[in-house]
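A.B. asks: Protein chains in written order, with full-length UniProt numbering: chain A, 1 to 93; chain B, 1 to 409; chain C, 1 to 945. Glycine included, C-beta positions come from ideal geometry on N, C-alpha and C.
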Amino acid sequence: MQLIPCPWCGPREEAEFHYGGQAHVAYPEDPSALTDEEWAQYVFFRENPSGPFAERWSHNAGCRRWFNAVRDTRTHDLLAVYRVGEPMPEVIA
Amino acid sequence: MTSPPGAHLPEHPDFLWDNPEPKASYDVVIVGGGGHGLATAYYLAKVHGITNVAVLEKGWLAGGNMARNTTIIRSNYLWDESSGIYEHSLKLWEGLEEDLGYPILFDQRGVLNLAHSLQDVRDSVRRVNANRLNGIDAEWVDPAGVKEICPIVNTSPDVRYPVLGATYQPRAGIAKHDYVAWGYARAAHAMGVDLIQNCEVTGLETSQGRITAVETSRGRIAAGKVALCAAGHSSVLAKMVGLRLPLASHPLQALVSELLEPVHPTVVMSNAVHVYVSQAHKGELVMGAGIDSYNGYGQRGSFHIIEQQMSAALELFPVFARAHLLRTWAGIVDVSPDASPIVGLTPVGGLYLNCGWGTGGFKATPGVGDCFAHTIAHDKPHPFNEPFTLERFTTGALVDEHGAAAVAH
Amino acid sequence: MTFRTPTGGAIDRDTLLHFTFNGQSYTGHPGDTLASALLAHGVHEVGGSVKLGRPRGIVAAGSEDPTSLVQIEAPFSEPMLLATTVELYDGLVARGLAGQGKLAAEPDPARYDAKHEHCDVLVVGAGPAGLVAALTAARSGARVVLVDEQNQAGGALLGVDEYVDERPSAEWVADVVAELKSTPGVLVLERTTAFGMYQDGFVLALEKRTDHLGFAAPEGVARQRVWRIRTRQTVLATGAHERPVVFADNDRPGIMLASSARTFLHRYGVLPGSRAVVFTTNDSAYCAAIDLAESGVDIALIVDARHEAPARLATECAARGIEVRAGHVVVGTEGAGRVTGVRIGPLAPASPDITVACDTVLVSGGWNPVVSLFSQARGKLRYDAELGAFVPGEELSTVRVAGSATGELDLNACARQGRDVGSEAAAAAGFAPGGQVPLPVSDSRCTARSGLVLWRVPGDDDASFVDLQRDSTVADVLRATGAGLRSLEHIKRYTTIGTAHDQGKTSGMIAAGIVAEALGVELEDQRPTTFRPPYTSVSFAALAGRDRGELHDPVRVTAIHPWHVAHGALFEDVGQWKRPWYYPKPGEDLHTAVLRECRATRESVGMMDGSTLGKIDVQGRDAGKFLDMLYTNMMSTLKVGKIRYGVMCGVDGMVIDDGTVIRVGDERYLITTTTGNAAKILDWMEEWLQTEWPHLDVHCTSVTEHWATIPLVGPRSRDVLAAVAPSLDVSNEAFEFMTWHDTVVAGVPARVCRISFSGELAYEINVTAWHGIAVWEALMAAGEQYGITPYGTETMHVLRAEKGYPIIGQETDATVTPQDLGMSWAVSKKKPDFIGKRSFARAENNRTDRKQLVGLLPVDPSVLLPEGSQIVETDRLPEPPVRMLGHVTSSYPSAALGRTFALALVRSGHERIGETLFVPVEDALVPVTVTESVLYDKEGARRDG
Ligand SMILES: Cc1cc2nc3c(=O)[nH]c(=O)nc-3n(C[C@H](O)[C@H](O)[C@H](O)COP(=O)(O)OP(=O)(O)OC[C@H]3O[C@@H](n4cnc5c(N)ncnc54)[C@H](O)[C@@H]3O)c2cc1C
Ligand SMILES: [Zn+2]
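#1: Nearest chain B C-beta to S32(A) closer than 8 Å, yes or no?
#2: The alpha helix (DSSP H) with Y268(C) in it runs from where to where?
#3: Between the alpha carbons of A408(B) and D194(B), how many angstroms are there, rounded?
#4: Considering only DSSP beta bridges, list what A330(B) is partnered with.
#5: In chain C, which residues lie less than 8 Å from W8(A) when you measure between Cβ atoms?
#6: Under a three-way DSSP split, which group does C150(B) fall into?
#7: Indicate whether E867(C) and V125(B) have their beta-carbon atoms separated by less than 8 Å.
#8: Run the CB neighbour count on A114(C), radius 10 Å, all protein chains shown included, and call it buried at 16 or more, exposed below.
#9: Give the straight-line distance between the Cα atoms of A130(B) and A516(C), rounded to the nearest whole angstrom.
#10: Name the chain B residues whose beta carbon is nearer than 7 Å to that of M1(A)?
#11: Under 8 Å between beta-carbons, which chain F residues line up against H233(B)? List them in chain order, please.
#12: At the level of alpha carbons, what is the spacing between A248(C) and D461(C)?
#13: Using 8 Å as the Cβ pair cut-off and three pairs as the minimum, do the segment 258-267 of chain C and the segment 6-14 of chain C touch?
#14: What is the DSSP secondary structure of V421(C), counted as helix, strand or coil?
#15: Answer with buried or exposed for P381(B), where buried requires no fewer than 16 other C-beta atoms within 10 angstroms of its C-beta.
#16: What residues of chain A sit near S839(C), judged by a beta carbon separation below 8 Å?
#17: Against chain A, which members of the segment 190-216 of chain C pass a CB distance test of less than 8 Å?
#18: If we require 3 or more residues per run, which beta strand (DSSP E) segments fall completely within the segment 76-117 of chain B?
#19: Taking only runs of the alpha helix (DSSP H) that begin and end inside the segment 604-682 of chain C, which ones reach a length of at least 4 residues, in chain order?
#20: E408(C): buried (16+ other C-beta within 10 angstroms of its C-beta) or exposed?
#21: Within 8 Å (strictly less), CB to CB, does V84(A) reach chain C?
#22: Which residue spans inside the UniProt domain "SoxA A3" (464-546) of chain C form an unbroken beta strand (DSSP E) run of at least 3?
#23: Using a 10 Å radius around the Cβ and a threshold of 16 neighbouring Cβ atoms, would you call W66(A) buried or exposed?
#24: Count the C-beta pairs between the segment 389-397 of chain C and the segment 367-379 of chain C that are closer than 8 Å, then say yes if the count reaches three, no if not.
#25: Closer than 7 Å: is that where the CB of G62(A) sits relative to any heavy atom of ligand 2?
#26: Is A142(C) near ligand 1, with its Cβ less than 7 Å from a heavy atom?
#27: Could you check what DSSP says for M269(B) in three-state terms: helix, strand or coil?
#28: So, does the CB of L345(B) fall closer than 8 Å to a CB anywhere in chain A?
#29: Please state the DSSP three-state secondary structure of E13(A).
#30: Can you give me, in chain order, the residues of the segment 69-81 of chain A that have a beta carbon less than 9 Å from any beta carbon in chain C?
#31: Leaving out the 5 sequence neighbours to the left and right, which residues in its chain are closer than 7 Å to A138(C) when beta-carbon positions are compared?
#32: Is any beta-carbon of chain A found at less than 8 Å from that of V655(C)?
#33: Have a look at S11(A) and S75(B) and give me their C-alpha separation to the nearest angstrom.
#34: How about the segment 84-92 of chain A and the segment 41-59 of chain C: do they share at least three Cβ pairs that are nearer than 8 Å?
#35: Taking a Cβ distance cut-off of 9 Å, strictly less, list which residues of the segment 117-132 of chain B are near chain C, in chain order.
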């Protein structure tokens with residue numbers, strides 16, 4: 001069980017969190033202007049790297065806030081956490 | 001004493017395969033030496049006569065999900081598209097031992113999928129009816145029927161989520177994963193396929209929109225065609241040619257108990273209570289649960305998943321209380337948005353994709369091996385994998401098997 | 001004949017315990033294990049082997065033992081425990097196993113629990129290194145947890161009679177433990193095995209709290225407890241296991257590890273036999289030989305594989321008349337069951353030149369550091385060629401290793417490591433060094449580091465057992481390499497070595513060595529097989545803990561629940577909720593009860609408990625804008641005081657939920673969700689708000705539990721409501737459909753909504769949960785003259801189905817759009833965007849043969865279609881696969897229609913209205929007519945009463 005440092009509450013057990021997949025996938029400005037391919041990319045296609053991954057978590061059973069994290073998917077080590085709206089920090093994996 | 005419990009397990013053959021150096025070039029290079037890669041190689045050679053084939057495996061052969069899965073085999077999926085390929089696979093399983101000349105311990109002991117709510121019941125009956133019309137053996141059994149098939153299931157109405165019935169597929173069952181993989185590997189090798197281990201593909205080379213070679217940890221290997229069978233690593237490989245896939249790779253854990261006298265004659269799965277159990281040939285209880293929520297390539301999950309799984313198991317099987325957890329492990333499953341696979345061509349000429357089997361691709365091993373080999377040989381999907389294109393995510397023609405496959409196998 | 005020494009051992013000789021093994025009665029003492037008690041009676045043969053049925057004995061004294069598997073029969077049946085780890089108690093009944101145990105048929109009466117513990121330094125292993133590490137960390141002020149699987153601290157010291165600091169080692173151990181236990185913030189856990197190391201300092205440990213008490217175990221005390229320890233730093237002082245050497249017929253009972261025999265002697269006062277041959281590759285077995293000789297065992301011979309025996313120890317042996325033969329090995333053994341003799345010959349070529357009679361063979365092939373937990377922590381291992389074992393091969397920032405787990409086998413050095421590592425760990429956790437812990441000094445004479453690495457003695461490969469539990473032999477290993485296998489993982493699978501309950505603790509390293517020899521490769525280049533949790537086996541029940549039965553998943557009930565129970569309702573599980581399903585009267589089954597409830601409601605008045613509906617209070621300046629994005633229809637235009645039905649889709653355009661939206665104020669809405677989706681929809685809303693539209697001023701709060709919600713339904717509902725809400729003008733003009741009023745109902749402030757999920761005149765009465773029952777009872781009383789009838793979810797389902805209203809999750813399955821449900825009217829054409837809208841434009845969404853919601857009327861009005869039936873086009877079934885047009889989502893007998901009917905999703909359903917289709921039911925094909933989904937009161941005449 002990972003120990004996840006919620007940027008609002010501090011380190012908490014993974015069981016308190018909800019996973020949200022890739023971060024920084026913005027809802028398209030104007031979906032109707034997208035081709036079907038572009039829309040499908042938004043709806044279904046995600047990065048799935050082996051290595052550092054910017055992803056979303058929500059502290060569901062705690063402060064209920066969403067935040068972003070960079071986690072190494074090979075080791076599950078959390079390299080950084082940051083609040084929604086903040087840029088992704090540089091990390092060294 | 002009667003004969004000891006382990007006396008009757010079949011031995012492996014005296015010879016399996018050689019360990020050749022990779023050649024400079026092959027007609028077909030298969031990336032990933034799991035069940036799917038090995039089966040594909042086998043059918044390429046056997047059905048299509050294509051034997052100048054290499055299977056490249058970054059670790060030890062069939063050491064990925066193939067070595068880690070809970071070996072549930074069934075074809076009772078909901079949609080016609082799924083029925084097609086899974087039932088094709090099940091039929092191949094039924095002749096596989098003979099086909100491969102290998103004792104794969106395919107055991108059609110049946111699978112029960114339990115229903116715990118009225119909606120579960122409706123969904124289950126719906127699936128049973130669809131299965132039957134698709135020519136798949138399936139029945140709805142009431143709690144007494146469940147008890148008859150598997151006497152140790154707690155069918156008392158006084159549990160947190162009582163068993164309201166189950167779907168039953170008698171032809172479903174289990175097999176021994178290593179034996180299956182090795183059976184395919186040995187047979188493929190015997191037909192001239194090179195099995196190359198400790199050979200990680202690190203790059204895919206293309207020229208004018210066509211695949212030409214793979215870069216590997218053991219050097220460059222030219223290839224007429226390249227077939228990806230990398231399961232959890234599919235996204236990483238596809239990315240090498242700039243292809244994004246609608247996949248997330250998650251840890252999926254499983255566990256076994258020590259060896260126990262037979263108590264569990266079938267396979268029981270419960271989506272609602274989140275556990276599935278069978279008792280393997282040697283006598284160990286084999287169990288799995290839901291995926292870990294996060295993306296992960298670490299082949300390890302979190303322990304609370306195991307704890308939840310144990311509490312679910314004891315809800316259904318109180319007699320397991322003093323069984324012991326002996327070993328846990330995890331694989332990396334490539335989960336797709338509709339819980340169905342992606343098998344077919346790609347925008348890159350000569351590059352073929354087989355992935356997205358997520359938590360349930362072991363049962364498909366013969367079926368997909370056959371269909372994928374056909375796809376590669378003809379540069380055209382086999383009818384059974386035609387619905388499972390990458391394009392379906394653009395058109396919206398998904399094959400949503402969450403009801404039949406979510407945490408199931 | 002007894003093999004109990006006259007004195008010595010940490011057993012209570014004054015107390016006699018009676019136990020039964022394989023049907024025979026024996027005695028032992030507190031402090032014994034089942035194994036030591038059996039050995040005291042000369043019983044070596046415990047069980048049989050799994051494949052060949054050969055007898056199996058006791059090889060080691062602890063949890064690494066590969067063979068002494070037993071089934072406990074009393075006090076409660078438990079399979080597959082090791083005799084070496086079962087503490088003896090009075091009345092124990094056990095039997096030996098052939099590698100396979102048996103589950104009890106009766107339910108386990110014991111209790112299990114789990115506890116969380118947070119610490120700065122966790123020390124695993126209470127041997128000398130662990131004790132010093134723990135004390136060092138404790139003195140620095142760190143919160144320390146020390147766990148050890150044994151029932152007492154001491155580790156390797158428990159099996160020797162050595163002196164530490166010139167006094168018996170037990171005294172030194174006791175002092176350290178006493179100081180630890182009296183230090184605030186320090187927790188010492190005995191009988192506690194750290195079995196799993198996970199991410200971020202998460203360590204799982206199992207404490208066996210009452211097992212050793214047997215029948216005397218107090219009721220109500222958890223038998224076993226899982227400790228979920230979260231630690232900053234971990235010190236692994238897990239020790240080393242002695243490993244054997246493989247030779248022909250090395251599996252006979254009476255052949256055991258030398259150090260284990262020494263442990264049986266010193267800890268339990270038990271001799272392994274009368275006459276022993278010692279076979280070793282290193283010095284440590286000499287101590288065993290000397291100690292046993294001094295206790296009266298006839299040491300027939302020490303066979304030392306090394307060319308030269310260690311001079312000092314050889315002299316000591318000579319002084320005791322023990323012959324040492326260097327450069328020799330055991331080539332084979334004799335005996336029908338237990339060993340009766342060994343054949344001995346020179347190491348090379350290994351051919352027997354003498355046979356020595358004996359009843360015991362003590363073997364030492366060197367030591368394997370216990371690196372399982374280090375490996376679980378993802379630490380890399382390195383092969384130590386001198387030791388012939390894998391050792392920790394890197395430093396980890398939060399996991400340190402001390403003592404013989406590092407491969408260091410000298411006690412004084414182990415203790416020094418413990419101190420160093422203990423203070424490093426404390427420092428890394430932020431603690432300044434405390435008082436120095438003086439290092440113990442031992443008088444040990446036998447260090448093990450001087451060994452020859454020898455995996456096996458060539459001989460009959462088929463009888464040379466590598467894994468005694470799996471019956472796997474050298475021949476099996478060679479067959480595997482001969483088959484083309486190179487990876488240890490493959491060979492493990494081919495031979496099954498290391499897959500038994502001991503997970504290869506004593507066999508794994510040897511197998512790797514034999515493989516390397518066979519393949520002519522260096523072990524340095526080999527990857528050992530992965531160590532996986534748990535380190536030793538853990539009962540399922542312990543892991544399930546308290547999360548069983550009622551506590552498996554919380555049960556949620558409404559405020560009115562006690563009334564439903566008192567009035568005989570049967571319940572349906574919906575998510576975690578218990579909802580009244582129907583209220584049978586004596587003699588009624590589901591159908592008759594539901595027909596009655598339906599009829600009463602449509603003809604007069606009924607009511608149900610709708611409190612489980614999800615309710616979310618949505619507030620803020622941008623609430624309307626936000627809801628416009630979430631729902632397919634427009635919510636911002638809703639007037640205060642009004643109510644609108646709404647549908648939500650996922651980004652893929654598929655329906656995920658529906659419910660009503662009421663506008664409470666300019667900046668406030670109250671929305672309802674389906675019962676099962678309440679939490680999901682709140683999460684969904686917050687996700688969008690926080691991650692996509694944080695600039696919107698909207699706040700969402702779940703108020704599901706705050707309200708008791710009672711739909712009051714039927715033509716008489718207005719009369720009933722009027723009776724309990726005298727201040728409310730219930731007239732159709734004053735209280736229009738799809739509006740709400742705050743008022744007083746039965747003396748309680750209430751919000752009454754005029755909505756209908758049945759087509760009847762209906763009101764939904766919302767009061768605070770506290771008043772739920774009172775208001776419910778007031779309504780019952782007021783409705784009595786009209787025969788008011790409480791109804792459950794089944795009647796609710798029928799009533800809404802008659803009106804063609806879908807239930808999300810029943811009519812939908814994540815592949816259904818609002819258009820498919822015939823709800824294009826609820827999909828805004830005006831809004832530029834909402835979640836899911838773009839997906840409606842995809843090719844698949846625009847097919848004309850999508851499955852659409854329709855009604856089905858069986859041609860025979862008495863035939864009830866089973867829900868979940870499939871629908872086909874022809875009246876004869878072709879060979880499979882049969883083309884299916886869709887399926888029956890809901891199906892009921894209807895009191896109002898006087899017949900059965902169904903809802904279904906059917907390909908091109910909207911175009912098929914009027915067609916006859918067929919539903920296979922068992923062996924028949926039932927003809928049905930496709931109709932619109934609305935079957936009752938199409939004009940909506942009943943809505944206003
Ligand atoms: C715990 C668990 C339980 C499961 N239970 C079931 C079940 O009961 N029933 C069922 O049907 N399915 C089950 N599955 C799913 C099933 O195991 C998989 O869907 C299936 O094995 C995938 O196909 P494969 O055998 O080819 O995959 P794998 O065996 O994972 O093969 C992929 C191979 O590709 C290799 N590879 C990856 N990248 C590269 C590279 N760059 N170069 C070279 N090689 C590479 C990997 O090393 C691996 O060996 C389970 C999975 C898990 C993890
Ligand atoms: Zn938080």
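C.D. replies: Taking the structure as given:
#1: Within the first sequence, numbered from 1, the residue matching residue 32(A) stands at position 32. By this cut-off, S32(A) is not an interface position.
#2: On the third sequence, residue 268(C) is found 268 positions in, with the first residue counted as 1. Per DSSP, Y268(C) belongs to the alpha helix (DSSP H) from 258-268.
#3: Position 408 of the second sequence holds residue 408(B). Position 194 of the second sequence holds residue 194(B). Confidence at A408(B) is low in this model, with a pLDDT of 48, below 50, so its placement is unreliable and no value can be given for it.
#4: Taking the second sequence and counting its residues from 1, the one referred to as residue 330(B) is at position 330. The partner list for A330(B) (beta bridge, DSSP) reads Q253(B).
#5: As a first step, residue 8(A) must be located in the first sequence, where it is residue number 8. Within chain C, no residue comes near W8(A); the closest Cβ sits about 11 Å away, beyond 8 Å.
#6: What you label residue 150(B) is simply residue 150 of the second sequence in a count that begins at 1. In the structure shown, C150(B) sits in coil (DSSP, three-state: anything other than H, G, I, E or B).
#7: As a first step, residue 867(C) must be located in the third sequence, where it is residue number 867. As a first step, residue 125(B) must be located in the second sequence, where it is residue number 125. Against a cut-off of 8 Å, the Cβ pair of V125(B) and E867(C) comes out as a contact.
#8: Here the question's residue 114(C) lines up with position 114 in the third sequence. Buried is the call here.
#9: Numbered from 1 along the second sequence, position 130 holds the residue referred to as residue 130(B). Numbered from 1 along the third sequence, position 516 holds the residue referred to as residue 516(C). Distance between the alpha carbons of A130(B) and A516(C) is about 54 Å.
#10: Residue numbering aside, residue 1(A) sits at position 1 when the first sequence is read from its first letter. Neighbours of M1(A) on chain B, chain order: S302, F303, H304.
#11: No chain F is part of this structure, whose protein chains are labelled A, B and C.
#12: The sequence position of residue 248(C) within the third sequence is 248, counting from 1. The sequence position of residue 461(C) within the third sequence is 461, counting from 1. Going by the C-alpha atoms only, they are around 7 Å apart.
#13: yes
#14: Here residue 421(C) refers to the residue found at position 421 when the third sequence is read from its first residue. Here V421(C) sits in helix by DSSP.
#15: The sequence position of residue 381(B) within the second sequence is 381, counting from 1. Buried is the call here.
#16: Counted from its first residue, the third sequence places residue 839(C) at position 839. What S839(C) touches in chain A: W39, V43.
#17: Y198, Q199, D200, G201, F202
#18: 111-115
#19: 623-630
#20: What you label residue 408(C) is simply residue 408 of the third sequence in a count that begins at 1. With 16 or more other Cβ atoms within 10 Å, it is buried.
#21: Translated into positions along the first sequence, residue 84(A) becomes position 84. It does; some Cβ of chain C falls within 8 Å.
#22: 465-467
#23: Locating residue 66(A) in the first sequence gives position 66, counting from the first residue. Result: buried.
#24: yes
#25: Locating residue 62(A) in the first sequence gives position 62, counting from the first residue. Indeed, a heavy atom of ligand 2 lies less than 7 Å from the Cβ.
#26: Within the third sequence, the letter at position 142 stands for residue 142(C). Flag unset: Cβ of A142(C) not near ligand 1.
#27: Translated into positions along the second sequence, residue 269(B) becomes position 269. Here M269(B) sits in strand by DSSP.
#28: By one-based count along the second sequence, residue 345(B) stands at place 345. Not an interface residue.
#29: Position 13 of the first sequence, counted from the start, is the residue given in the question as residue 13(A). Strand, per DSSP.
#30: T75, H76, D77, L78
#31: Translated into positions along the third sequence, residue 138(C) becomes position 138. Contacts found: V144, L180, T183, V186.
#32: Here residue 655(C) refers to the residue found at position 655 of the third sequence. No, V655(C) does not count as interfacial toward chain A.
#33: Counting from 1 along the first sequence, the entry for residue 11(A) is found at position 11. Counting from 1 along the second sequence, the entry for residue 75(B) is found at position 75. In the sequence on display, residue 11(A) carries Pro and not Ser. Going from the Cα of P11(A) to the Cα of S75(B) covers about 44 Å.
#34: no
#35: S117, L118, Q119, V121, R122, D123, S124, V125, R126, R127, V128, N129, A130, R132
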